[in-house]
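> Counting in my numbering, the sequence shown runs without a single skipped number right up to 238 at its last residue. Idealized CB from N, CA, C, for every residue including glycine. These numbers come from a predicted model, not from an experiment. I have a structure here, written as structure tokens, and I will follow up with some questions on it.
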Amino acid sequence: MARVVVITGPSGVGKGTLIRALRDRIPELELSVSATTRAPRPGEKHGEDYWFLSRDEFEKRVDEGGFVEWAEYSGNKYGTLRSELDLRVADDRPVLLEIEVQGARQVAETMPEALRIFIAPPSADTLRTRLVGRGTDAKEAIDRRLQVSEEELAAQPEFPVVVINDRLEDAIDELTRVVREGIDEARSA
Ligand code: ADP
Ligand code: 5GP
50 MARVVVITGP
60 SGVGKGTLIR
70 ALRDRIPELE
80 LSVSATTRAP
90 RPGEKHGEDY
100 WFLSRDEFEK
110 RVDEGGFVEW
120 AEYSGNKYGT
130 LRSELDLRVA
140 DDRPVLLEIE
150 VQGARQVAET
160 MPEALRIFIA
170 PPSADTLRTR
180 LVGRGTDAKE
190 AIDRRLQVSE
200 EELAAQPEFP
210 VVVINDRLED
220 AIDELTRVVR
230 EGIDEARSA
């Protein structure tokens, strides 16, 4: 049984940064490419960063049962395509989902064996600093994301594993350790 690993946490906490490092350390870990109705950011590629879908296309997939989970986040829809998971799980490859909290809750219901990890900031203020520093979102988008983050931070106790992303190298080490353990455990089960 291949392992499904879910990484969640508020926008700007460092999920993308940590996942890039994690995949360098555990190359067998495959990233599920999500679908979204959000417009691509400069440099983002269809099929690599996301499957960028129109709202109509996204809704059609929802009606067809094409998503393992999906959610509305900050004015757009995001979801994990069943096809992304089936392919990898069938080949016994561990799969990583980077999704927001509502989606992670759905996975807890439908795939209770998945390893669920919450990435937390050292303080709530850090999120604004990091989102502004990243420079990819307009001020209004940052404000919306920070509003959502209050609810997301409150969900932290629902997650069996919490990694605080304060010093980046420490967070990478801890995340790598937890994910490696999870993959090995699933293999020997
Ligand atoms: P997310 O994917 O959770 O929205 P990102 O990975 O895009 O977050 O990180 C947001 C910003 O914070 C980026 O500019 C990234 O370089 C920076 N960042 C990530 N982790 C740290 C850290 N531990 N310390 C300082 N800055 C960080
Ligand atoms: P962003 O617009 O910054 O790429 O992503 C916004 C939020 O959507 C992030 O919290 C990210 O984890 C989440 N997200 C990305 N893909 C999915 C998905 O497939 N499902 C869900 N539920 N959330 C997702």
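If you follow the beta strand (DSSP E) that I191 is in, where does it begin and where does it stop?
Unbroken run through I191 is the alpha helix (DSSP H), K188 to A203; no beta strand (DSSP E).
> Which runs of the beta strand (DSSP E), 3 residues or longer, sit entirely within the region 134 to 164?
List check, beta strand (DSSP E) in window: 144 to 147.
> Across the region 98 to 117 and the region 127 to 134, are there enough close Cβ pairs to call them in contact, namely three or more that are closer than 8 Å?
Contact between the region 98 to 117 and the region 127 to 134 is present, because at least three Cβ pairs lie under 8 Å.
> Would you tell me roughly how many angstroms separate the C-alpha atoms of V82 and N214, rounded to the nearest one?
In a straight line, the C-alpha of V82 is about 23 Å away from that of N214.
> Run the CB neighbour count on S198, radius 10 Å, all protein chains shown included, and call it buried at 16 or more, exposed below.
It is buried - the Cβ of S198 has at least 16 other Cβ atoms within 10 Å.
> Assuming contact is defined by CB atoms lying nearer than 9 Å, are R47 and G182 in contact in what I supplied?
Residue 47 lies beyond the residue range present for the chain, which begins at 50 and ends at 238; the question has no answer from this structure.
> Just to confirm the assignment, what range does the beta strand (DSSP E) spanning T57 have?
V53 to T57 is the extent of the beta strand (DSSP E) around T57.
> For the beta strand (DSSP E) holding I68, just list the boundary residues, first then last.
First-last for I68: K64 to R74, but that is the alpha helix (DSSP H), not the beta strand (DSSP E).
> Could you please give me the residues that DSSP links to A169 through a beta bridge?
Bridge partners of A169: I213.
> Among the candidates E162, P89, E108 and A70, whose CA atom is the shortest distance from the CA of F101?
Of the candidates E162, P89, E108 and A70, the one whose C-alpha sits nearest the C-alpha of F101 is P89.
> Kindly indicate which three-state DSSP category E121 falls into: helix, strand or coil?
Here E121 sits in strand by DSSP.
> With DSSP run on the structure shown, which of helix, strand or coil describes F116?
Strand at F116.
> Under the three-state reduction of DSSP, which class applies to K94: helix, strand or coil?
Coil at K94, not helix or strand.
> Output needed for P209: all residues of its chain with C-beta closer than 7 Å, excluding positions within five of it in sequence on either side, in chain order.
So the list reads R165, once near-sequence residues are dropped.
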